[in-house]
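Worksheet: the structure to be examined is printed underneath.
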Amino acid sequence: MTGGDVAAPRIPVNGVELAVQVAGSGPPIVLVHGSLDDHRAWERILPRLAESHLVVTYDRRGHGDSSCPPGQGRISEDVEDLAGVLGVLGLEAPLVVGHSYGSSITLLLGARYPGSTGGLLVHEPPLFALLRDDASTRHLAEEASEHLRRAAGLITAGAVAQGVRHFVDHAAFGPGTWDMLFTSEIRRTCLANADTWLDQSGDPTRLAVRPELLADYPHPLVVSHGATGLPTYGLIAELIVAALPRSRRRVLRGAGHAPHLSHPADFAELVLSCAQETAERRQDRHRPH
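Quick note on numbering: the sequence shown equals residues 1033 to 1321 in my numbering.
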């Protein structure tokens, strides 16, 4: 799929209607946002990417302008939604980029539907359960779980702003993020999506994301993390790369959990370098031998 800027406001996928945006033309890149967010998370890197690529963003179910059915959600539904978007748009071997919980979704997509992608870039997937495998890091997993429980408890009790802020500053991004990095628009988006996050936190299957599921993934896989911020993500990235020898780790200097906000130029260049490798691999597969 190529062409100029196209808007597909809502498309039916997997029993929901997803708000999907398409910009630019060229090799495809699909961006998957994280918790409490929507497609606008990518606004600071989108113009650079769209100079040379077809860039797809969308609101995950229950976020932004996308619909969501009642009842407990499952991460598998997000995976099927993403696979559906790729199929409806007819994208050939796209680079799929995930941020945070969107990275967990992206990894599961690669495990279940490797042929639908050309490569994966995941930034700081919150696979805290991996830290339970070693006694030296188990306390970090427990701390993360406690912060998630604290945030969920506050939101359930009606202290939505306090709960969301606790999640942002202590469980996901790091101290000071809510006040110093997030704009008022981002904070409003987070609060608007609090109910969806609460539902997501109750999904017992969300933790069933393990790198071994991608042992046979045939395309480039890059795991990135910031050099600053919460230490858990760097450890998780190391564990993923250790389990998947063909994957690679990239460290973004000065950045933390949200490089698309704090270091958009650097993160855009990382995305473009991964997209270039994906395109080269795609050409190799199509070249007669």
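Glycine included, C-beta positions come from ideal geometry on N, C-alpha and C.
Three-state secondary structure assigned by DSSP to residue i
i: valine 1241; result: coil
i: serine 1132; result: coil
i: isoleucine 1268; result: helix
i: valine 1167; result: The amino acid at residue 1167 is misidentified as valine; the sequence shows alanine. Coil, per DSSP.
i: glutamine 1053; result: strand
i: threonine 1149; result: coil
i: threonine 1089; result: strand
i: isoleucine 1061; result: strand
i: isoleucine 1187; result: helix
i: aspartate 1316; result: helix
i: histidine 1292; result: helix
i: glutamate 1301; result: helix
i: histidine 1095; result: coil
i: phenylalanine 1199; result: helix
i: arginine 1076; result: coil
Selection from the options that minimises the alpha carbon distance to residue i
i: glycine 1325; options: Gly1206, Val1054, Gln1308, Ser1305; result: Nothing can be reported for residue 1325: it is not among the residues displayed for the chain, which extend from 1033 to 1321.
i: glutamate 1244; options: Glu1049, Leu1118, Thr1169, Leu1162; result: Leu1162
i: valine 1062; options: Thr1264, Gly1151, Asp1097; result: Gly1151
i: histidine 1257; options: Thr1215, Phe1205, Trp1229; result: Phe1205
i: arginine 1285; options: Pro1296, Thr1264, His1251; result: Pro1296
i: valine 1111; options: Ser1099, Ala1082, Arg1080, Tyr1145; result: Tyr1145
i: valine 1196; options: Gly1103, Cys1222, Ala1307; result: Cys1222
i: proline 1060; options: Ser1098, Val1254, Leu1086; result: Leu1086
i: alanine 1203; options: Asn1225, Thr1237, Pro1157, Thr1188; result: Pro1157
Buried versus exposed call for residue i [16 or more other C-beta atoms within 10 Å across all chains shown]
i: glutamine 1315; result: exposed
i: arginine 1092; result: buried
i: methionine 1033; result: Its pLDDT being 38, under 50, methionine 1033 is placed unreliably by the model, and the measurement read from it follows with that caveat. The residue is exposed, with fewer than 16 neighbouring Cβ atoms inside 10 Å.
i: aspartate 1037; result: With a pLDDT of only 43 at aspartate 1037, under the threshold of 50, the placement of this residue in the model should not be trusted; the figure read from the coordinates follows. Per the 10 Å Cβ criterion, exposed.
i: glycine 1208; result: exposed
i: histidine 1171; result: exposed
i: proline 1252; result: buried
8 angstroms contact criterion, which residue i and residue j should meet: CB distance rounded
i: glycine 1142; j: leucine 1246; result: 6 angstroms
i: isoleucine 1137; j: aspartate 1235; result: With 8 angstroms as the limit, isoleucine 1137 and aspartate 1235 do not qualify as a contact, their Cβ atoms being about 12 angstroms apart.
i: isoleucine 1268; j: leucine 1159; result: 5 angstroms
Per DSSP, the bridge partner or partners of residue i
i: arginine 1280; result: Val1254
i: histidine 1155; result: His1131, Ser1256
i: isoleucine 1043; result: Leu1050
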